[in-house]
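Engineer: In our numbering, the protein residues as written are 72 to 1035.
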């Protein structure tokens, strides 16, 4: 017993009896002094404790010390409970636990004395063990109650052994296939045995017999066969109660449905077996068979197999399948339609699970055939790759059975693992084949090839490397030996580049010298690329060394020859240019000769008509015979117009004619000359005009386009001597980039004007020459050979093209393609007669500049006749001097080609500086496109092509002045 240091005399008998009683108590006992803060107990001090105190509390050396000191986290409950006893003087009995002491106590506290100090005696017992046992019992009962209330598949029973009556709840009866009413009233034990799987019944009977003999616990796991053929796993637990003489009296228990756990265990076990079985297999067929055997044992079915599908023929090819004892293999080729219509489900990627082939509409008609191959029930699971039904895993059973979701899940998992293993084998085989292919390739090529790890460690070189440096295979592994073979001046650069590539993953490229076996150094171009995995991680580096020593030497030699080579090239270039110039001059003279010959022939004919008519005109005037004057005048004018047309054709062919492009409605233009075309081709030719609706406008010289169209119509007429059909057609065209390149055009939008005939057609040889000048298939004297060449030149000068499509005996189609103009077309211009030409207003002045006196004279007379004040100049300088004076000038009419170093365009541009609003009319028979025409005229500038009618000139002059 522990007491305070100051104790009573030991000779006191009463004290001795107290001490003996104090120590004899089997429970813990202590006297405590409760300390207060006002009426609030804050702690207590141990005054005396008995010898059992230590074993009951686990506290040592407590006398004189406080509870707060001994157990710092002691719960507040203890202070309040003992404080209440000390304050009220009433004893208290309670049991309570202390988490801080990890114990539970049964406590009896009562006051000792009165006054101060306030003492309380505490008699207590540690009941922690009893408390834990009670809690465990309670929790066990709660778990059991929860299990019993969990629903279907769990039930209880109570077997009255002497009367052999098993009473069970509804859940138990349903699970064992016993009618619920019979289960409530009681049925013989054997009735419940009827649902147990035959393979599990002997072990179950043995476990029951052992419990009956010993009166001990009963525990067994077995399968129950449900009415539909499904299998449920059950765990049964119970205890047999014996009479005093050992006779079994009662046997209560409970059954749990553990199907999910068992199937999960079964699935896990099967998958583990599968992993072990296929780990070292390298043949896909062996893997498939091993998986079939494991799956067949796990599902306890008659047959499991794997087959390849021919979806078109609706067949399956089975190389090898697993079969239970007594079951015949299906190896070979089978037709799905011989066993039902379920192939349609498989094609759609759906699993087919049939519990009884006799009752499923897809197989009922062919149930005997299925039973004949031990497939009274089966699962067919399609394996799909890239949305294509390619293979099948199947399970057959000779008797009807229900295929649970777990069965199908296991089949699916096995199939996926088999596929993964097969793909792994294929990938490994492909990798080995790739590596072998790489090795063969690396040894076959003349280059040096090497490989390195991601950290730069060199681990493989082909034989060309070893042959070059004379080392044995393996001696180059690492980096030190290889680095020692590099030229000392190149080591730093090579190392820096290699370090950068290893750090960044960028390709490695450098040139350096490597020492050969004979000690000589040669230059190599060294390149390496990283080989990456699917995640982008670098797996290795593969590099090549290409010998560039000879090329570098040649480069050095070429550098030495560079200066003299430049001189040689320059000299040779001069010689070639001279030769080319001589060739061009020769070709030019040949072309000029051909051209002048043709021109001379035609112009001689035309000049004969002009000079003859004028000569006779003079004779008749001298004779006073004026009646024939008009006839000879018209003849001369007609010949002159034909000569003008010839020059236009020549300029169009050379693409140097002066064009006056305007936004033009081609449909309107065709309609304007349709009557002329019909009169020209004659009644034997049927003319059809097909005008496209919504035709785009095009920027073109309308008069030249009319001339081109008329030429095409005349050619078409001549190709149909016996008559035929001529079609003029317009359309909008999109020319894509490829077609544009073929036709030497810019890609974009075009307007097409096509003339088709049903005539004789042209051969490919004729088509190839059709646009050549003076080429004609017409008899001598019936054609100049400039018609198509003029049209070609006009189209190209207008930014377009001409295409010919023709077949001999079928006809010809010629199409002119002109660029689309994004704007409105102008109205067709009409020319007034000379007598109808408007008169000038008083003071209106026109400056005429032309180096040809005859032209100046004619233009001046026309202007004066119309009432204009006319001023003339013979060259650009004289004209500019007048333009820079104060003379009133309303319009400048000038030729483009003028003598004296200043052409008409230059004079006009200079005049615009002082007269920005000056109206200008260029009259020219020849001009560069950069000067006038083809859309390059500034606002207020216009052009007329020589020769022209005086009436047209008068009208154009008046229109320009009035417009200003």
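Where is the CB? At the ideal position from N, CA and C, for every residue including glycine.
The structure displayed is predicted, hence computed values, not measured ones.
Suppose you measure from the CA of residue 931 to the CA of residue 1025; what does that come to, to the nearest Å?
Structural biologist: Sequence index remark: in the chain shown, residue 931 carries index 860 (1-based). Sequence index remark: in the chain shown, residue 1025 carries index 954 (1-based). Roughly 11 Å between the two C-alpha positions.
Engineer: With a threshold of 16 other CB atoms inside 10 Å of the CB of residue 761, please say whether the residue is buried or exposed.
Structural biologist: Residue 761 sits at position 690 when you count from the first residue of the chain shown. It counts as exposed.
Engineer: Please work out which residues of its chain come closer than 8 Å, Cβ to Cβ, to residue 272, disregarding the five sequence neighbours upstream and downstream, and give them in chain order.
Structural biologist: As a first step, residue 272 must be located in the chain shown, where it is residue number 201. Contacts found: 264, 293.
Engineer: Please state whether the Cβ-Cβ distance between residue 476 and residue 448 is less than 7 Å.
Structural biologist: Taking the chain shown and counting its residues from 1, one reaches residue 476 at position 405. Taking the chain shown and counting its residues from 1, one reaches residue 448 at position 377. Going by C-beta atoms, residue 476 is not nearer than 7 Å to residue 448.
Engineer: Using a threshold of 7 Å, state whether the C-beta atoms of residue 966 and residue 921 are closer than that.
Structural biologist: As a working note, residue 966 is residue 895 in the chain shown. As a working note, residue 921 is residue 850 in the chain shown. Yes, the pair counts as a contact, with Cβ atoms nearer than the cut-off.
Engineer: Does residue 968 have its Cβ less than 7 Å from a Cβ in chain C?
Structural biologist: The chain inventory of the structure shown lacks chain C, comprising one protein chain alone.
Engineer: Cutting at 6 Å between CB atoms, please list the residues of its own chain near residue 960, excluding the five before and the five after it.
Structural biologist: The sequence position of residue 960 within the chain shown is 889, counting from 1. So the list reads 916, 918, once near-sequence residues are dropped.
Engineer: Closest to residue 301 by CA distance: which of 692, 268, 386, 312 is it?
Structural biologist: Here residue 301 corresponds to residue number 230 of the chain shown, with the count starting at 1. Closest option to residue 301, Cα to Cα, is 268.
Engineer: What are the complete beta strand (DSSP E) segments, minimum 3 residues, inside the segment 246-289?
Structural biologist: Qualifying beta strand (DSSP E) stretches: none in this window.
Engineer: What are the start and end residues of the alpha helix (DSSP H) that includes residue 949?
Structural biologist: Position 878 of the chain shown holds residue 949. That run of the alpha helix (DSSP H) goes 947-954.
Engineer: On the premise that residue 887 lies in contact with residue 862, defined as a C-beta separation below 8 Å, what is that separation, rounded to the nearest angstrom?
Structural biologist: Counted from its first residue, the chain shown places residue 862 at position 791. Counted from its first residue, the chain shown places residue 887 at position 816. Confirmed, about 7 Å.
Engineer: Quick one: residues in its chain with C-beta nearer than 6 Å to the C-beta of residue 310, no 5 flanking neighbours on either side, listed in chain order?
Structural biologist: The residue you call residue 310 lines up with position 239 of the chain shown. Taken in chain order, the residues that qualify are 288.
Engineer: Count the other CB atoms within 10 Å of the CB of residue 993; is the residue buried (16 or more) or exposed (fewer)?
Structural biologist: For the purposes of this step, residue 993 is identified with residue 922 of the chain shown, where counting begins at 1. Residue 993 comes out buried.
Engineer: Jot down the residue ranges of each uninterrupted beta strand (DSSP E) in the segment 431-518, minimum 3 residues, whole runs only, in chain order.
Structural biologist: 448-456, 459-468, all fully within the segment 431-518.
Engineer: With 16 as the cutoff for other CB atoms within 10 Å, does residue 374 come out buried or exposed?
Structural biologist: Counting from one through the chain shown, the residue named residue 374 turns up at place 303. Flag for residue 374 reads buried.
Engineer: Taking C-alpha atoms, which residue in 799, 832, 611, 245 lies nearest to residue 824?
Structural biologist: Taking the chain shown and counting its residues from 1, one reaches residue 824 at position 753. Comparing Cα positions, the closest option is 799.
Engineer: Taking the DSSP output, what are the residues bridged to residue 376?
Structural biologist: Mapped onto the chain shown, residue 376 falls at position 305. The partner list for residue 376 (beta bridge, DSSP) reads 392, 465.
Engineer: I need the straight-line Cα distance from residue 811 to residue 627, nearest angstrom please.
Structural biologist: Counting from 1 along the chain shown, the entry for residue 811 is found at position 740. Counting from 1 along the chain shown, the entry for residue 627 is found at position 556. The straight-line gap from Cα to Cα measures roughly 46 Å.
Engineer: By a C-beta neighbour count over all protein chains shown, 10 Å radius and 16 as the cutoff for buried, is residue 735 buried or exposed?
Structural biologist: Along the chain shown, read from residue 1 onward, the residue named residue 735 stands at position 664. Burial call: buried.
Engineer: Assuming residue 791 contacts residue 829 (C-beta within less than 8 Å), just tell me the rounded distance between them.
Structural biologist: For the purposes of this step, residue 791 is taken as the residue at position 720 of the chain shown. For the purposes of this step, residue 829 is taken as the residue at position 758 of the chain shown. 6 Å between Cβ atoms; contact.
Engineer: Using the Cα positions of residue 408 and residue 384, report the straight-line distance between them to the nearest angstrom.
Structural biologist: Taking the first residue of the chain shown as 1, we reach residue 408 at position 337. Taking the first residue of the chain shown as 1, we reach residue 384 at position 313. If you take the alpha carbons of residue 408 and residue 384, they lie about 10 Å apart.
Engineer: Taking a contact to mean a Cβ-Cβ separation below 7 Å, would you say residue 445 touches residue 459 in this structure?
Structural biologist: For the purposes of this step, residue 445 is taken as the residue at position 374 of the chain shown. For the purposes of this step, residue 459 is taken as the residue at position 388 of the chain shown. Cβ distance not < 7 Å, so residue 445 and residue 459 don't count as in contact.
Engineer: Is the separation between the beta-carbon of residue 441 and that of residue 465 shorter than 7 Å?
Structural biologist: Within the chain shown, the letter at position 370 stands for residue 441. Within the chain shown, the letter at position 394 stands for residue 465. Not a contact, by the Cβ cut-off of 7 Å.
Engineer: Measuring CB to CB, does residue 380 end up less than 7 Å from residue 450?
Structural biologist: As a first step, residue 380 is located in the chain shown; it is residue number 309 there, counting from the start. As a first step, residue 450 is located in the chain shown; it is residue number 379 there, counting from the start. No; because the gap between Cβ atoms is not below 7 Å, this pair is not in contact.
Engineer: What's the C-alpha gap between residue 198 and residue 175?
Structural biologist: Position 127 of the chain shown, counting from 1, holds the residue named residue 198. Position 104 of the chain shown, counting from 1, holds the residue named residue 175. Going from the Cα of residue 198 to the Cα of residue 175 covers about 6 Å.
Engineer: Is it true that the CB of residue 401 sits closer than 7 Å to the CB of residue 392?
Structural biologist: Here residue 392 refers to the residue found at position 321 of the chain shown. Here residue 401 refers to the residue found at position 330 of the chain shown. In this structure, residue 401 lies closer than 7 Å to residue 392 by Cβ.
Engineer: Output the boundary residues of the alpha helix (DSSP H) element that contains residue 1033.
Structural biologist: On the chain shown, position 962 is the one that residue 1033 refers to. That run of the alpha helix (DSSP H) goes 1021-1034.
Engineer: In its own chain, which residues sit with a C-beta less than 7 Å from the C-beta of residue 153, not counting the 5 before and 5 after it?
Structural biologist: Translated into positions along the chain shown, residue 153 becomes position 82. Closer than 7 Å at the Cβ level, and outside the excluded window around residue 153, lie 103, 105, 112, 115, 180, 191.
Engineer: Expressed to the nearest angstrom, what Euclidean distance is found between the alpha-carbon atoms of residue 781 and residue 871?
Structural biologist: In the chain shown, counting from the first residue as 1, residue 781 sits at position 710. In the chain shown, counting from the first residue as 1, residue 871 sits at position 800. Cα to Cα, residue 781 sits roughly 18 Å from residue 871.
Engineer: Can you tell which of 127, 235, 135 has its C-alpha closest to the C-alpha of residue 200?
Structural biologist: By 1-based counting over the chain shown, the position of residue 200 is 129. Nearest of 127, 235, 135 to residue 200, Cα basis: 127.
Engineer: Please name the residue, chosen from 766, 746, 756, that lies closest to residue 777 on a Cα-to-Cα basis.
Structural biologist: Within the chain shown, the letter at position 706 stands for residue 777. It is 746.
Engineer: Rounded C-beta distance between residue 304 and residue 260? I'm assuming under 8 Å.
Structural biologist: Here residue 304 is taken as the residue at index 233 of the chain shown, counted from 1. Here residue 260 is taken as the residue at index 189 of the chain shown, counted from 1. Contact flag wrong, Cβ pair sits at about 20 Å.
Engineer: What are the boundary residues of the beta strand (DSSP E) that residue 586 is part of?
Structural biologist: Translated into positions along the chain shown, residue 586 becomes position 515. Counting along the chain, the beta strand (DSSP E) containing residue 586 begins and ends at 579-586.
Engineer: Using the DSSP secondary-structure output, state which residues sit across from residue 864 in a beta bridge.
Structural biologist: Within the chain shown, the letter at position 793 stands for residue 864. Partner(s): none; residue 864 has no beta bridge.
Engineer: Take residue 193 as the anchor and find which of 203, 168, 171, 164 has the nearest alpha-carbon.
Structural biologist: Position 122 of the chain shown, counted from the first residue, corresponds to residue 193. Of 203, 168, 171, 164, the residue nearest in Cα terms is 164.
Engineer: Name the two residues that bound the continuous beta strand (DSSP E) containing residue 355.
Structural biologist: Position 284 of the chain shown, counted from the start, is the residue given in the question as residue 355. It is not in any beta strand (DSSP E) - residue 355 instead sits in the alpha helix (DSSP H) that spans 355-370.
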